[in-house]
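These notes are about the structure you will find just below.
Structural data, given as structure tokens:
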């Protein structure tokens, strides 16, 4: 006798997506993970917990506290982007191509003149990538069935021969 267990391989997905200007010229490429990436979901949960734990006393807010959008942008920078190509930072008049790192991605979102747009692009593409992956998974595995019939389950008292006999005679 043996219990056979199949070890699952990672189902993490990431795809290269092109960031283009209005004319369709490719400006950069990002390797983006699906929006359901576990580390991203954990980061969002922690961001929410951090906001809640600070309380609602606005007089105690400090310059070091981060607001919700900053935390969510950081989560995306660190966990939705896996890599990139073609990102250059101009600092002090010097332009340098930057490799992907969590720090550089956070800097791009927070300090870049296009930070909001790129964050929106990454988040939107992460949602599309996840939707595509979920559709493929559904096609391969089939749609999962509901674990319930949808009918309410009620618990009734157990019946005995004696109680059944009483019911049948009283009808």
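In the working numbering, the protein residues as written are 1 to 171. We put the beta carbon where it would ideally sit given N, CA and C, even for glycine.
Which listed residue (the options) has its alpha carbon closest to that of residue i
i	options	result
residue 50	62, 36, 66, 59	66
residue 89	2, 28, 33, 140	28
residue 120	43, 53, 74	74
residue 115	64, 59, 87, 62	87
residue 42	104, 72, 134, 129	72
residue 128	23, 15, 46, 99	15
residue 70	47, 135, 131, 59	47
residue 113	91, 132, 131, 138	91
Assigned exposure category for residue i - 16 Cβ within 10 Å defines buried
i	result
residue 12	exposed
residue 77	buried
residue 84	buried
residue 2	exposed
residue 108	buried
residue 105	buried
8 Å CB neighbourhood of residue i in its chain, flanking five on each side removed
i	result
residue 80	32, 33, 35, 37, 40, 122, 123, 126
residue 52	none
residue 24	none
residue 111	none
Close beta carbons around residue i, own chain, < 6 Å, minus the five adjacent residues each side
i	result
residue 17	30, 32, 125
residue 44	75
residue 26	18, 20
residue 100	83, 84
residue 98	87, 89, 104
Neighbourhood of residue i by C-beta, 7 Å cutoff - its chain only, sequence neighbours within 5 removed
i	result
residue 96	88, 89
residue 102	77, 78
What are the start and end residues of each continuous alpha helix (DSSP H) run of 4 or more residues lying completely inside the segment 24-76, in chain order? For the alpha helix (DSSP H) assignment, the uninterrupted runs of no fewer than 4 residues enclosed by the segment 24-76 are, from N- to C-terminal side, 38-53.
Can you list, in chain order, the stretches of the alpha helix (DSSP H) that have 4 or more residues and sit fully within the segment 67-133? Restricted to the segment 67-133, the alpha helix (DSSP H) segments that are unbroken, complete and at least 4 residues in length are 68-79, 102-111, listed in chain order.
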